[in-house]
Amino acid sequence: VLYPHGGPETQSRPAYDHVLSHLQALVHRGIAVVVPNIHGSTGYGRSWQGAIYRDWGGVDLDDLRALATWMAAEPGFARDRLAVYGGSYGGFAALTCVTRLPELWRCAVDLFGVSNLVTMIEHAAPSWRRFLARWIGELPRDREALAARSPVTYLDAVRCPLLVIQGGNDPRVPKEESDQVVGRLRALGRRVDEVVFPDEGHGFTKRANADAAYTKIVEWLAAELLAP
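Residues 20 to 247 in the numbering used here are what the sequence shown spells out, letter by letter.
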C-alpha cells in the first residue's frame, strides 16, 4: 500500500501516531506499507516544500509514478497487488494515481480527497481561499490548467475498485468532491464503495467514527489485497 500523506505541507516520520496506527494493522496482516515524503513535504528544504505550489498533479505525479514503478519492480512486493490510499491532499494523490496511472493498482482508498481543483476553489470557504490561491491556483486565470490536473477529468480511466470515505460537513474538502467521484464511477458501472459520516468534518472528532472508518479501511484493503 502506497500511503502519501496529507497537507501537502507536512511530513511522515518514523514515530508513533495514534491516528495512523491502522497502518500498523495492515503490516500485521502481512501488507507492506510505503510511506513517502514526496515534493511538497516539509523537512527537506524550501525548494522541495514549495515545488508543489500551483503544481498539484505535476511534480507530485512524477514522484508517485517513480514510487509505483519501484514498488512494481520490488522483489518482495506482489506486482498485481498494489494499492494506494490517502486522505485530504493524500486523497488527491490517491485519485491521481488511479486516474493517471490506472494500470498499476489493485484497489485504492480515498479519504476526503480533492477530486476537482476547479470546484475545490470555487466552493471554498472565504477563510480558506487565500491558502488555495497559494497552493493550487486562481480562477479564472488557471481554470484550464487546473482542469487538466484534476483526477475527475480522467475518471473514465479508472480500472480498480475504490473505497471513498467522506465527512458530511467537511469545510475544507466539501462532500461534493467525493460525490463527483462516486457519481461518475457508478455511472460507468465501476465498483466504488462509499461511507459518509454525516456528523464529521475534515477528519474525525468522534472516537466511534474514527474507529469505524479506520476499521473499514483496514478490512477493505485486506479483503482486496489478500484475496486468492
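Idealized CB from N, CA, C, for every residue including glycine.
Which of helix, strand or coil does DSSP assign to residue i?
i: C126; result: strand
i: A45; result: For the record, residue 45 in the displayed sequence is Leu; it is not Ala. Three-state DSSP puts L45 in a helix.
i: F111; result: helix
i: L21; result: strand
i: F216; result: strand
i: V117; result: helix
i: S31; result: coil
i: L4; result: Any property of residue 4 remains undetermined from this structure, which presents the chain solely from 20 to 247.
i: T61; result: coil
i: V171; result: helix
Where residue i and residue j are concerned, what is the direct C-alpha to C-alpha distance, given to the nearest angstrom?
i: L123; j: L101; result: 7 Å
i: A97; j: H142; result: 40 Å
i: G25; j: G106; result: 6 Å
i: P190; j: W239; result: 27 Å
i: I236; j: D36; result: 17 Å
i: G64; j: G208; result: 44 Å
i: V20; j: A113; result: 11 Å
i: P247; j: I50; result: 14 Å
i: A70; j: T29; result: 14 Å
i: A34; j: M139; result: 32 Å
Can you tell me where the beta strand (DSSP E) with residue i in it begins and where it stops?
i: Q185; result: 181 to 186
i: G69; result: No beta strand (DSSP E) contains G69, which is instead part of the alpha helix (DSSP H) from 65 to 69.
i: V133; result: Run containing V133: none; DSSP gives neither H nor E here.
i: Y104; result: 102 to 106
The alpha helix (DSSP H) that contains residue i, what's its start and end?
i: R81; result: Here residue 81 turns out to be Asp, not Arg, going by the sequence shown. Element bounds for D81: 78 to 92.
i: R153; result: 148 to 154
i: L245; result: 226 to 245
Report the partner residues of residue i according to the DSSP bridge assignment.
i: G202; result: DSSP output for G202 lists no bridge partner at all.
i: V53; result: L21
i: V211; result: L181
Let me see if you follow: with CB-CB separation under 7 Å, is residue i close to chain D or not?
i: L21; result: The chain labelled as chain D is not found in the depicted structure, where only one protein chain is given.
Should the region 151 to 161 be regarded as contacting the region 118 to 132, the criterion being three or more beta carbon pairs within less than 8 Å? No, they do not touch.
I want to know whether the region 211 to 222 touches the region 160 to 167 - three or more CB-CB distances under 8 Å. No: fewer than three Cβ pairs fall under 8 Å.
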